[in-house]
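Residue numbers (the working numbering): 14 to 395.
For glycine and all other residues, C-beta sits at the position ideal for the given N, C-alpha and C.
Each remark here refers to the structure printed beneath this line.
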């Protein structure tokens, strides 16, 4: 697939908006009475345009966390790109969703690294494989990225072996370059992955991340940067070290690992309570909940009533950026699936409209063009 030219991208918007309009004229065939209530539910006026984040780049079209994927996300309308950050053995930050790299690189095909396969406890979970912290940057340079979900996105496998693992500095350089090319400021939303673990092995993520941001002039309160973490301790510390906005990520289950290690009984549910959100607002600017925390699903996968978390976050002064919106049926609520093939595209536009109505300020999307078309249609109508 070649990169869309400007006139092609405009066609994507037109087609997407038309598809959204059609999808909203009739209730989904699988909708239940409760679902119809959700679809017709509360409408939140948006003072600002909804923000689209290219989740790991544009993984619907390219292997995740590659410069090619980030560049495509930008050209498909993403306002921000999202590099997850882990460390190499020599302290260089690289973009991977996790430090175990066998599912997203060809490391298993390199006999010279066979002896480095090991088992580690990462955030309390035993994982077997190859880990970035056991490789220097020079060694990682010999690897190539591959598609994480080949059964779901077989078309992406044509790019296996083509792209390097990028450093954070290279991602920032791309953001600067693409901002000039596109005539608009592209944002970057780095996420610190497993910060307690990396700190425990002497490879803290925060210092090199801030150093890279300062080096590129992206360390002011006006910079289009959003630093994220599923943990709380490093965000509290970052709030004293940088003026860029911060986002507290949460999950529908479990607890931040830094709190687990400290023996603190608080869970993500506690953090998303009204009292918990007021505390988050003392150090962060955004809340990043899993979308199921916003509108839960029932046992059959259909949407139920929206939770109060978006309203509670807004009352606490936080913006809300939800993850992750993906076009394929298997990732959609049952309300919006089309046909029986789990890997086929469903009605992502209806899902996005439903969550926009819940009051979101931004979305993480694997297909940034879908989210961009949906939000443009939505903003035009509202």
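Indicate whether residue i and residue j have their beta-carbon atoms separated by less than 8 Å.
i	j	result
residue 66	residue 376	yes
residue 200	residue 248	no
residue 307	residue 368	yes
residue 202	residue 95	yes
residue 72	residue 379	yes
residue 132	residue 101	no
residue 283	residue 245	no
residue 325	residue 372	no
residue 334	residue 260	yes
residue 89	residue 389	no
residue 226	residue 184	no
residue 356	residue 188	no
residue 370	residue 64	no
Thinking C-alpha only, which one of the options is nearest residue i?
i	options	result
residue 147	160, 159, 173 and 120	120
residue 130	114, 191 and 182	114
residue 292	118, 330 and 303	330
residue 161	260, 184 and 69	69
residue 342	328, 334 and 362	362
residue 206	150, 224, 135 and 225	135
residue 255	223, 278 and 269	223
residue 141	150, 169, 269 and 112	112
residue 204	149, 253, 278 and 110	110
residue 250	217, 273, 280 and 278	217
residue 182	150, 273, 171 and 242	150
residue 192	273, 171, 83 and 315	83
residue 252	285, 281 and 294	294
Rounded to the nearest angstrom, what separates residue i and residue j at their Cα positions?
i	j	result
residue 382	residue 276	43 Å
residue 311	residue 319	12 Å
residue 87	residue 93	8 Å
residue 298	residue 211	24 Å
residue 321	residue 393	26 Å
residue 48	residue 197	Because residue 48 sits at a pLDDT of 36, beneath the cut-off of 50, its placement in the model cannot be relied upon, and the point is left open.
residue 221	residue 79	20 Å
residue 91	residue 61	16 Å
residue 303	residue 346	13 Å
residue 174	residue 81	13 Å
residue 105	residue 317	44 Å
residue 99	residue 158	15 Å
residue 167	residue 75	11 Å
residue 313	residue 287	29 Å
residue 103	residue 128	19 Å
residue 85	residue 296	33 Å
residue 387	residue 364	10 Å
residue 349	residue 230	43 Å
residue 337	residue 358	15 Å
residue 126	residue 143	9 Å
residue 309	residue 243	20 Å
residue 172	residue 163	11 Å
residue 327	residue 186	33 Å
residue 274	residue 107	25 Å
residue 300	residue 280	15 Å
residue 169	residue 241	27 Å
residue 305	residue 315	11 Å
Residue i: buried (16+ other C-beta within 10 angstroms of its C-beta) or exposed?
i	result
residue 332	buried
residue 117	buried
residue 139	exposed
residue 289	buried
residue 353	exposed
residue 214	exposed
residue 35	Confidence at residue 35 is low in this model, with a pLDDT of 37, below 50, so the placement of that residue is unreliable and no value is reported for it.
residue 190	exposed
residue 228	exposed
residue 122	exposed
residue 124	exposed
residue 209	buried
residue 269	buried
residue 339	buried
residue 19	With a pLDDT of only 30 at residue 19, under the threshold of 50, the placement of this residue in the model should not be trusted; the figure read from the coordinates follows. Answer is exposed; the Cβ neighbour count stays below 16.
residue 366	buried
residue 391	buried
residue 97	buried
residue 395	exposed
residue 137	exposed
residue 195	exposed
Would you call the segment 229-238 in contact with the segment 263-280, where contact means no fewer than 3 C-beta pairs closer than 8 Å? Too few Cβ pairs lie closer than 8 Å, so no.
Meets three-Cβ-pair contact criterion under 8 Å: the segment 154-165 and the segment 173-193: Taking 8 Å as the limit for Cβ pairs, the verdict is that the segment 173-193 does touch the segment 154-165.
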